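Chains as they are written, first to last, in the UniProt record's numbering: chain A, 1 to 430; chain B, 1 to 430.
No residue lacks a Cβ here, since even glycine has one placed at the ideal position from N, Cα and C.
Only a predicted model underlies this, so the values are computations on that prediction, with no experimental measurement involved.
In what follows, a single structure is set out as structure tokens and then discussed.
Protein chains: 2
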Amino acid sequence: MASWLQIPKNSPFSLANIPFGIISARSASRAVAIAIGDYALNLNTFASSGGFAQLPEIQPHLSVFGQPTLNAFAALGRPVHRQVREYIQNVFRVDTPFPQVLKENAPLQKDALVPLSEVTNHVPMQIGDYTDFYAGLNHAYNVGVLFRGPDNALQPNYKHLPVAYHSRASSVVTSGTPIHRPNGQILANPTATPKVPAFSPCKRLDIELELAAFVSTPNDLGHPVSINNAEDHIFGVVLMNDWSARDIQAWEYVPLGPFNAKNFATTITPWVVLLDALEPFRSAGLEPGDRDSLLPYLREKRAANVYDIPLEVELTNEGGKSSVIAKSNAKNLLYSFPQMLAHHTITGCNMNPGDLLGSGTISGTEPGTQGSILEQTNGKNPIKLADGSERIFLEDGDTVVLRGMAGTEGNYVGFGDCVGKILPAIKLDI
Amino acid sequence: MASWLQIPKNSPFSLANIPFGIISARSASRAVAIAIGDYALNLNTFASSGGFAQLPEIQPHLSVFGQPTLNAFAALGRPVHRQVREYIQNVFRVDTPFPQVLKENAPLQKDALVPLSEVTNHVPMQIGDYTDFYAGLNHAYNVGVLFRGPDNALQPNYKHLPVAYHSRASSVVTSGTPIHRPNGQILANPTATPKVPAFSPCKRLDIELELAAFVSTPNDLGHPVSINNAEDHIFGVVLMNDWSARDIQAWEYVPLGPFNAKNFATTITPWVVLLDALEPFRSAGLEPGDRDSLLPYLREKRAANVYDIPLEVELTNEGGKSSVIAKSNAKNLLYSFPQMLAHHTITGCNMNPGDLLGSGTISGTEPGTQGSILEQTNGKNPIKLADGSERIFLEDGDTVVLRGMAGTEGNYVGFGDCVGKILPAIKLDI
């Protein structure tokens with residue numbers, strides 16, 4: 001697909017993508033936008049100027065584009081998202097059937113097309129609840145080996161259900177927000193007896209490379225979402241860094257799971273990529289042959305239930321030297337987002353528009369494919385960076401960038417950068 | 001304190017209480033109200049008719065009483081809550097200094113005082129995040145004995161930090177909402193190898209008797225709430241039943257904690273009792289002598305950091321026969337709400353108005369004082385009910401009522417009933 005708008009060939013936001021987000025720019029208040037090439041199209045401005053005149057179905061809903069979150073747009077449901085995305089693709093095609101809408105409308109281009117460099121992005125949805133799954137089989141295995149050895153690496157439940165925990169919604173931030181190293185309780189000497197914790201900045205600060213899906217349409221309390229309908233309850237996907245304080249986690253997590261180790265920040269990309277845009281990249285997940293042994297409420301019709309999206313983790317030190325420290329792929333998941341949603345709601349749990357489902361850390365099986373630093377270093381075997389320095393965990397001043405992009409040059413469907421810089425722990429007067 | 005309004009001597013809503021909630025009644029939309037005796041006072045109606053004319057400080061904020069949640073009122077901060085509560089107490093005193101406001105204003109009494117029997121209650125705050133702690137030492141010990149024996153009942157971290165997990169905000173419901181028994185994965189034979197789950201309605205459905213605190217004023221991401229200020233960030237307290245599916249929990253909870261076992265419903269009382277109303281009932285928590293060994297960020301100035309509130313659990317079968325199956329007390333907590341908040345935010349985690357903090361199950365040490373059925377029966381030793389029947393866990397048709405009331409006759413400060421009836425599991429077409 002070619003556009004009359006100049007779109008760099010390596011842009012994650014090709015005409016094949018059209019992801020949705022929330023921007024503010026030029027002193028205007030927050031509004032819904034899409035990203036295309038190096039620009040955001042402000043859909044509130046676009047709608048106010050009659051940009052959607054050729055799409056009658058959206059006319060009753062134009063107010064959603066002036067909202068400060070995507071919740072109202074998402075709640076309209078997948079058929080509407082599909083119409084709007086395809087309409088916008090048609091508007092931007094080189095052979096657009098509606099040249100008068102934008103291609104030959106210089107004043108509206110000037111008003112509504114804003115360079116991404118001038119845009120402030122915001123967390124795209126008001127997140128009611130954020131659930132983090134553990135569907136990255138290789139990650140679960142790698143971490144299990146570190147804690148329990150290879151024979152008992154995976155718990156008995158792992159291949160029967162997508163393990164998950166509720167996580168913290170309030171501290172989900174958008175790409176670019178700096179992250180203060182958290183303070184907390186750690187064991188200075190984990191093998192000493194009795195175990196006595198110290199108050200300290202986290203010394204084992206880590207990343208987790210994940211995808212995360214936003215819920216669009218809700219289900220009522222007591223009424224599960226069927227695996228066959230689950231995909232239509234998902235609005236789209238972002239890239240996510242679930243920052244993790246491994247030393248705080250190791251001390252606090254028995255018996256109820258991680259808490260303070262995760263609640264200080266989670267970074268997501270600001271542009272939500274619709275499932276329709278990912279559709280061409282469907283792929284079989286891990287061990288599709290085992291799916292027949294799943295309980296029926298988790299069985300999907302298609303084996304190709306995850307997506308082939310190359311992912312990478314880049315670490316840049318305070319001096320500005322960058323190193324790619326891991327390359328992975330989103331197909332390294334044992335469970336799909338529809339399976340996660342079906343499992344989450346099988347008890348009758350109600351989901352709302354804006355609820356966020358993290359995939360869990362996405363690791364490959366080979367060295368250099370792990371989505372967390374812990375898996376690479378085990379806290380002792382350093383990663384060598386391009387500048388000759390080493391990392392066992394993150395240091396103050398480090399900037400981590402996650403990237404994920406499917407497809408081929410000129411037609412990439414990607415998330416954009418998921419960026420966070422580590423600032424020193426805040427000194428507390430206690 | 002005596003009132004000109006007739007207040008039953010056994011009412012939890014004496015003039016000493018004045019809890020806040022959200023009601024709808026008489027076809028009016030949701031509004032803020034207080035409960036007093038057998039009535040709710042609609043504060044939106046009251047404010048619109050000049051009821052607050054004698055309280056100049058609240059004049060700029062009167063719109064908060066017309067909101068559908070307490071979030072805006074809570075965000076005004078503790079000094080404002082205190083002024084409003086004390087003003088309302090003055091309005092209702094038999095020797096009110098403002099008799100013209102309500103005592104001698106029959107039309108406003110007719111408009112704004114609604115019998116509780118005609119009121120619909122709603123979840124009082126929009127809950128952003130709900131965190132459930134595990135601060136009931138005796139509960140943690142009792143459950144630990146069942147799982148690991150008496151020598152290792154408590155994990156090494158237990159007396160150093162208030163253990164917690166993030167829980168599910170969307171499924172918090174108000175007292176009276178029926179609860180469908182959840183479906184899920186359970187082990188039909190937990191000791192068989194390999195472990196193979198079955199899909200089934202939960203067979204071990206339980207309660208958890210808890211208090212829960214709502215957050216009022218927020219803190220910014222990266223900026224912990226000091227233990228010395230934490231109390232002023234708490235709006236008030238409700239009674240909570242954290243329904244628990246023990247068989248689903250036993251299978252799913254390793255390694256990341258309870259998930260589906262808790263996400264199907266949590267019931268709270270609709271009236272938020274302010275900390276000021278609980279102030280006369282301050283009491284030392286469990287093991288106050290050990291507090292000096294806590295890390296400084298958790299050390300409170302006062303040993304009397306919890307509340308002496310008698311609690312009880314009543315079970316009524318489908319036939320209508322009631323039995324009190326447990327009596328406990330809110331002072332059976334090792335950590336206070338300010339300590340929970342200080343720990344929750346020590347990493348920099350941001351809290352918002354409406355965030356909910358559960359205490360964890362509140363059990364005593366003697367038989368008949370346990371806040372969960374699991375602790376009483378261990379899944380095999382039945383509780384005998386008044387009608388001669390027995391319970392190992394909850395049965396369909398059972399209604400559970402939690403109650404909590406501090407003080408003495410005529411001056412009770414209580415929560416009202418926290419009620420939930422168990423409906424059969426929904427039959428699913430899978």
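Between the stretch 152 to 163 of chain B and chain A, which residues of the former have a C-beta closer than 8 Å to a C-beta of the latter? GLN155, PRO156, ASN157, HIS160, LEU161 and VAL163
Determine which residues of the stretch 241 to 261 of chain A have a Cβ less than 9 Å from any Cβ of chain B, and write them out in chain order. ALA245, ILE248, TRP251, GLU252, TYR253, VAL254, PRO255, LEU256, GLY257, PRO258, PHE259, ASN260 and ALA261
Under 8 Å between C-beta atoms, does B:TYR335 make it to chain A? no
Would you check if there are 3 or more beta carbon pairs closer than 8 Å linking the stretch 194 to 214 of chain B to the stretch 169 to 183 of chain B? yes
Determine the burial state of B:LEU414: buried for a count of at least 16 other Cβ atoms within 10 Å of its Cβ, exposed for fewer. Reading off the sequence, residue 414 of chain B comes out as Gly, not Leu. With 16 or more Cβ atoms within 10 Å of its Cβ, B:GLY414 is classed as buried.
Just confirm the distance between the C-beta atoms of A:TRP271 and A:GLY416, as a whole number of angstroms; I'd bet it's less than 8 Å. 6 Å
CA nearest to the CA of A:VAL313, picked from A:SER323, A:ASN121 and A:ASN305: A:SER323
Bridge partners of B:LEU41, per DSSP? B:ILE34 and B:LEU113
How close, in whole Å, do the beta carbons of B:ALA265 and B:TYR253 come, if the pair is a contact with beta carbons under 8 Å? Not quite, the Cβ-Cβ distance comes to about 18 Å (not below 8 Å), so this is no contact.
At a CB-CB cut-off below 8 Å, which residues of chain A make contact with B:ALA25? Residues of chain A passing the Cβ test: none, with the nearest at roughly 23 Å.
Buried or exposed, going by whether 16 or more other CB atoms sit within 10 Å of the CB of B:LEU423? exposed
Measure from the C-beta of B:GLN339 to each C-beta in chain A and report whether the shortest distance is under 8 Å. no
Interface positions of the stretch 296 to 310 of chain A facing chain B (Cβ-Cβ less than 8 Å), listed along the chain: PRO296 and TYR297
What residue from A:LYS331, A:TYR141 and A:SER27 has the CA that sits closest to A:ASP151's CA? A:TYR141
Could you pull the DSSP bridge partners for A:ASN121 from this structure? A:ILE23
For A:PRO197, which beta-bridge partners are listed by DSSP? A:LEU187
List, in chain order, every chain A residue whose beta-carbon is nearer than 7 Å to that of B:GLN185. HIS160, LEU161 and LEU295
Extent of the continuous beta strand (DSSP E) run through A:THR217: Counting along the chain, A:THR217 falls outside any beta strand (DSSP E), and DSSP gives it neither H nor E.
Contacting residues, own chain, Cβ-Cβ under 8 Å from A:ASN411 (five flanking each side not counted): MET1, SER14, LEU15 and ALA16
Residues of the stretch 205 to 221 of chain A with a CB closer than 7 Å to any CB of chain B: list them in chain order, please. LEU221
Closest by CA to B:ASN229, which one among B:ASP387, B:MET340 and B:TYR39? B:MET340
For the putative contact between A:LEU333 and A:GLY404, defined by C-beta atoms under 8 Å, what is the C-beta separation to the nearest angstrom? Rounded, the Cβ-Cβ distance is 13 Å, inconsistent with contact.
Along the stretch 337 to 368 of chain A, where does the CB come closer than 8 Å to a CB of chain B? Name the residues. HIS343, HIS344, ILE346, THR347, GLY348, CYS349, ASN350, MET351, ASN352 and ASP355
Partners in chain A for B:ASN189, counting only beta-carbon separations shorter than 7 Å: Simply none; closest approach about 13 Å.
Thinking C-alpha only, which one of B:ILE7, B:THR377, B:SER363 and B:GLU118 is nearest B:PHE393? B:THR377
When you compare each of B:ALA31, B:ASN90, B:TYR335 and B:VAL32 to B:LEU294 by their alpha carbons, which one comes out closest? B:TYR335
Evaluate the contact criterion for the stretch 200 to 218 of chain A versus the stretch 353 to 367 of chain A: three or more CB pairs, one atom per stretch, below 8 Å. yes
According to DSSP, which residues form a beta bridge with B:ALA406? B:VAL413
What does the Cβ neighbour count give for B:THR191, buried or exposed, with the cut at 16 atoms within 10 Å? exposed
Going along chain B, which residues have a C-beta under 8 Å from A:ASN263? HIS166, HIS344, THR347 and CYS349
Among A:LEU205, A:GLY289, A:ILE309 and A:PRO310, which one has its Cα closest to the Cα of A:ARG302? A:GLY289
In chain order, what residues of the stretch 398 to 430 of chain B put their CB closer than 9 Å to some CB of chain A? LEU423, ALA425, ILE426, LEU428, ASP429 and ILE430
8 Å contact criterion, which A:TYR165 and B:LEU256 should meet: CB distance rounded: 4 Å
8 Å is my cut-off, CB to CB: does A:LYS9 come that close to chain E? Of the protein chains in this structure, namely A and B, none is chain E.
A:GLY66 in three-state terms, based on DSSP: helix
Expressed to the nearest angstrom, what Euclidean distance is found between the alpha-carbon atoms of A:PHE259 and A:GLU104? 54 Å
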